[in-house]
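Residues in the sequence shown are numbered from -9 upward in steps of one, following our numbering.
Structure record follows, encoded as structure tokens.
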Amino acid sequence: MIPIRDNIPSRRFPVVNYILIGVNIVAFLYELTLGVGLQGFLNNMGFVPERFFDLLSSPLVNLIPIVIPLIASIFLHGSISHIFMNMLFLSIFGDNVEDALGHFGYLIFYLVGGISASIFHALIHPYSTLPTIGASGAVSAVMGAYLMLYPKARILTVFPIFFYPVMFHIPALFYLVFWFFLQMASGVLSLGATYYQRAGVAWWAHIGGFLFGVIVVMIMVSRRRR
């Protein structure tokens, strides 16, 4: 199910969301210029769980090689389809979350959500030497926040039936909960996968990011009620 748009208009111009989309696109265009040096760049800038824990356990902790991949990796992508789908989801759900959190709050939420998603992935796969890249964890955090903020919204969705695209509106609550359970199922199945089978998608980053978004908004709502 591919989302097209929601029915919640933005109350103000989502400047931060557009900037984030722009930075992701510029970073991907830069990757395309690297040629044979791309893999080395992704190995250095991607988030590698085993390297992350090795650096943390070092007697002299240097924050620079720890923090840079955590941030840089959420702006890098492996293919056109990878960045297109992430930016599509971000464009649909991000503007309304920015409305709710404010420009600066949304920026911090996005970055911390992406970082938290990467760390959650590392906790599940601590010995992985595969570099993880992509905005998926941060976008998942946005989707988790959207679920809690706008559960009654409706998402215009494309669903292929016998190769024929059918469009219909789905309640955001159903769409996002269904999406989350797909990630959970894929994540559980990945636990028994081989090293090379896990090379495709960091499911647990999606799960961790989504849970981060849900929890942050739950905390915000509970504080406002006091």
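Just so you know, even glycine gets a beta-carbon here, dropped at the ideal spot from N, CA and C.
Here the alpha carbon of N7 sits roughly 15 Å from the alpha carbon of I(-2). Contact between the region 144 to 155 and the region 96 to 104 is absent: fewer than three C-beta pairs spanning the two stretches fall below 8 Å. Contact holds between the region 63 to 82 and the region 124 to 136, because three or more Cβ pairs, one in each stretch, are under 8 Å apart. Separation of N86 and W194 (C-alpha to C-alpha, rounded to the nearest whole angstrom) is 25 Å. Here the C-alpha atom of P141 lies approximately 5 Å from the C-alpha atom of L163. Between S108 and L60, the gap from beta carbon to beta carbon is short of 8 Å. Residue pairing from DSSP places V148 in a beta bridge opposite I(-8), M157. For Y8, the uninterrupted alpha helix (DSSP H) segment begins and ends at 5 to 22.
DSSP lists F37 as the beta-bridge partner residues of T122. Our two residues, I160 and F79, have alpha carbons roughly 15 Å apart in a direct line. Linking I82 to S0 through their CA atoms gives a straight-line distance of about 10 Å. As the crow flies, the alpha-carbon of G177 is around 29 Å from that of L53. Bounds of any alpha helix (DSSP H) do not take in S0, whose DSSP letter is neither H nor E.
Taking C-beta atoms as the reference points, M174 and I145 fail to come closer than 8 Å. Under the three-state reduction of DSSP, S69 is assigned to coil, being neither helix nor strand. In the structure shown, P116 adopts coil according to DSSP, grouped into three states.
Excluding sequence positions up to five before and after V167, its CB lies less than 6 Å from no other CB in the same chain.
Cβ-Cβ separation between G27 and P121: approximately 14 Å, too far for a contact (criterion under 8 Å). Spanning the alpha carbons of N34 and V16 requires a straight line of approximately 18 Å. Contact between A112 and P39 holds: CB atoms are separated by about 4 Å, below the 8 Å threshold.
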